[in-house]
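Here the sequence shown is numbered in our numbering, starting from 2 and rising by one per residue.
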Amino acid sequence: VVIEFEGLSDSDKELLIETTIKQVLKDKDKYGSSNEGKGRTIVIEMSSPNIAKTFSVGHLRSTIIGNSLSKILEFKGYKIVKINYLGDWGTQFGKLIVAYKNWGKEKELKKDPINYLLKLYVEFHNKAKNKPSLEDEARSWFKKLEDGNKDALSLWKRFREFSIKEFGKLYEILGINFDEYSGESFYENKANKAVEELKKRGLVKESEGAEVIELESHGLGTALIRKKDGAKLYLTRDIAAAIDRYRKYNFHKMIYEVGKEQTLHFKQLFKILEIMGYKWASQCVHVDHGLYLDKDGKKLSTREGKTFSMENLLEEATMKAYNIIQEKNPSLKNKDKAAEIVGVGAIIYGDLKNERKRDAVFELDRFISFEGNTGPYLQYSYARASSIIRKSKKSPLIPKKIPEINDFEVKLAKKIALFPLIVNDASKNLYPSAIASYAYELAQSFNEFYQAVSVIGSKEESF
Ligand code: ARG
2 VVIEFEGLSD
12 SDKELLIETT
22 IKQVLKDKDK
32 YGSSNEGKGR
42 TIVIEMSSPN
52 IAKTFSVGHL
62 RSTIIGNSLS
72 KILEFKGYKI
82 VKINYLGDWG
92 TQFGKLIVAY
102 KNWGKEKELK
112 KDPINYLLKL
122 YVEFHNKAKN
132 KPSLEDEARS
142 WFKKLEDGNK
152 DALSLWKRFR
162 EFSIKEFGKL
172 YEILGINFDE
182 YSGESFYENK
192 ANKAVEELKK
202 RGLVKESEGA
212 EVIELESHGL
222 GTALIRKKDG
232 AKLYLTRDIA
242 AAIDRYRKYN
252 FHKMIYEVGK
262 EQTLHFKQLF
272 KILEIMGYKW
282 ASQCVHVDHG
292 LYLDKDGKKL
302 STREGKTFSM
312 ENLLEEATMK
322 AYNIIQEKNP
332 SLKNKDKAAE
342 IVGVGAIIYG
352 DLKNERKRDA
362 VFELDRFISF
372 EGNTGPYLQY
382 SYARASSIIR
392 KSKKSPLIPK
402 KIPEINDFEV
412 KLAKKIALFP
422 LIVNDASKNL
432 YPSAIASYAY
442 ELAQSFNEFY
452 QAVSVIGSKE
462 ESF
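Structural data, given as structure tokens:
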């Protein structure tokens, strides 16, 4: 967004700045919000990690970007429903059940559930290389699970609960909550109905015993929806979930915050919903994000062959923040708490400042620095601004006339005047980075102003 201040006359500029300042004082933290979304619901599906697997950086991006979008859209007056669509169903559970039943150890599972389940999964694949019958066993256990076998269900439930508990720790650190946890398993039965509906509409073809939807004419290949053995797929469950959510929420928009590697999947999904005759298919959007790379341009999901744990990452960030605080401000009270806020904030902002579609480089040391375009720099600016208000002990009044203002104030006021437009931009394009860049520039203008102009004790402090 560009506002051409240059073309305005001096008196227009003054008027713009004056109205902006008055508006801010009047609206306070509602400044820039609107009721554009009044009476409308936006469903945001975000995070959606997979049970019995590690929470990946991709899931972290989805969580952070999805949450930011939820705040931006809420600010525009929409009612937001945040859904965590857990990957809690699929053939891998057959494998896990077999592995656990044959050589699993309860004690180890309890000690470190997700890593242990991962280990079992890897072991399953290694053993199955020499003993292919394990694969058949796994298929038959997954079938039992689908058919509601008690034994299978109870193991699956435990794996699921362990995972949810682990993920919950992360969400707590990140300060994120969901309105609904409904995973793929929830749509298992509904997926059968979806297949029947697709058949009734004549959209399903048979192909070597499996059931497919031909999307070749739309340039989207062939979509498999039911395998030869009757097992349904990720896509089939997504079809059922979308239909169900529209019935439940009558959404104005449904956002899927998922990595760009799933672009084809979502194109197929939306196309299928469209040819099923659902007009609201056009209200579904895949809000994608790029990969996180390490400094050498490699994918970050595995580091030195090991899986990259989010909890360790957040801990590392907090520790680094602690060390910086210790160096800069050793007498600070509540250093632990401050370090957590700075560490977690650094990771959140480090992500949000990137244009989400692009791949980004993950560099913790840069994210955590107090200089440059970083979370800690913004937090530091915010703390300074807050301290002015605290020290002043006067609440800002709406002035009748704004006194003559200097260049630093003009620059800052111009920036502030842009805020509602930036929010608009970010919400229209579903781009949190628009707000992030703006926040950085605003902090810069503020810090320039703060260094140059004295506020407390000046004659304009209150009028
Ligand atoms: N659980 C999936 C994964 O980790 C992401 C789910 C995305 N959402 C969806 N509706 N398909 O890859």
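C-beta: ideal position from N, C-alpha, C; glycine also.
Three-state secondary structure assigned by DSSP to residue i
{"i": "R41", "result": "coil"}
{"i": "T223", "result": "strand"}
{"i": "E7", "result": "coil"}
{"i": "H60", "result": "helix"}
{"i": "I399", "result": "coil"}
{"i": "S283", "result": "helix"}
{"i": "K233", "result": "strand"}
{"i": "N324", "result": "helix"}
{"i": "N68", "result": "helix"}
{"i": "S446", "result": "helix"}
{"i": "N374", "result": "coil"}
{"i": "N407", "result": "coil"}
{"i": "D13", "result": "helix"}
{"i": "D337", "result": "helix"}
{"i": "F431", "result": "Checking the sequence, you will find Leu at residue 431 rather than Phe. DSSP places L431 in coil when its eight states are reduced to three."}
{"i": "G306", "result": "Confidence in G306 is poor, its pLDDT being 45 and thus under 50, which makes the residue's placement too unreliable to answer from."}
{"i": "E356", "result": "coil"}
{"i": "D113", "result": "coil"}
{"i": "M277", "result": "coil"}
{"i": "G105", "result": "coil"}
{"i": "I390", "result": "helix"}
Buried versus exposed, by CB contacts within 10 Å (16 or more), residue i
{"i": "S283", "result": "exposed"}
{"i": "K473", "result": "For residue 473 there is no data in the structure shown, the boundaries of the chain being 2 and 464."}
{"i": "I18", "result": "buried"}
{"i": "L270", "result": "buried"}
{"i": "K354", "result": "buried"}
{"i": "N466", "result": "Nothing can be reported for residue 466: it is not among the residues displayed for the chain, which extend from 2 to 464."}
{"i": "N39", "result": "According to the sequence as given, residue 39 is Lys; it is not Asn. Exposed."}
{"i": "K402", "result": "exposed"}
{"i": "K321", "result": "buried"}
{"i": "H219", "result": "exposed"}
{"i": "N85", "result": "buried"}
{"i": "Q327", "result": "exposed"}
{"i": "P50", "result": "buried"}
{"i": "D352", "result": "buried"}
{"i": "K83", "result": "buried"}
{"i": "W104", "result": "exposed"}
{"i": "R62", "result": "buried"}
{"i": "L70", "result": "buried"}
{"i": "T223", "result": "exposed"}
{"i": "I457", "result": "exposed"}
{"i": "P433", "result": "buried"}
{"i": "I65", "result": "buried"}
Which residues DSSP lists as bridging residue i, in chain order
{"i": "E181", "result": "I84"}
{"i": "L294", "result": "K300, V362"}
{"i": "N51", "result": "G88"}
{"i": "Y381", "result": "Y381 pairs with nothing; no bridge assigned."}
{"i": "E316", "result": "For E316, which the question treats as bridged, DSSP gives no partner whatsoever."}
{"i": "M255", "result": "V44, C285"}
{"i": "E212", "result": "E207, R227"}
Near ligand 1: residue i beta-carbon under 8 Å from a heavy atom
{"i": "S208", "result": "no"}
{"i": "N266", "result": "Asn is not the amino acid found at residue 266; the sequence shown has His there. The answer is yes for H266."}
{"i": "H126", "result": "no"}
{"i": "G88", "result": "yes"}
{"i": "E136", "result": "no"}
{"i": "D289", "result": "no"}
{"i": "G59", "result": "yes"}
{"i": "D239", "result": "yes"}
{"i": "K224", "result": "The sequence as given places Ala at residue 224; Lys does not occur at that position. Result no, Cβ not under 8 Å from ligand 1."}
{"i": "E364", "result": "no"}
{"i": "S186", "result": "no"}
{"i": "S183", "result": "no"}
{"i": "N355", "result": "no"}
{"i": "A242", "result": "yes"}
{"i": "N51", "result": "yes"}
{"i": "V259", "result": "yes"}
{"i": "E215", "result": "no"}
{"i": "E46", "result": "yes"}
{"i": "Y293", "result": "no"}
{"i": "Y451", "result": "no"}
{"i": "Y279", "result": "no"}
{"i": "Y235", "result": "yes"}
Heavy atom of ligand 3 within 8 Å of residue i beta-carbon
{"i": "Q263", "result": "Among the ligands in the structure shown, ligand 3 does not appear; only ligand 1 can be found there."}
Chain C within 9 Å of residue i, Cβ atoms only
{"i": "N425", "result": "The structure shown contains no chain C; it holds only a single protein chain."}
*Ordered list of alpha helix (DSSP H) runs contained in the segment 123-189, each at least 4 residues*: Positions of the alpha helix (DSSP H) runs, each at least 4 residues long and wholly inside the segment 123-189, are given as 134-147, 151-175 in order along the chain.
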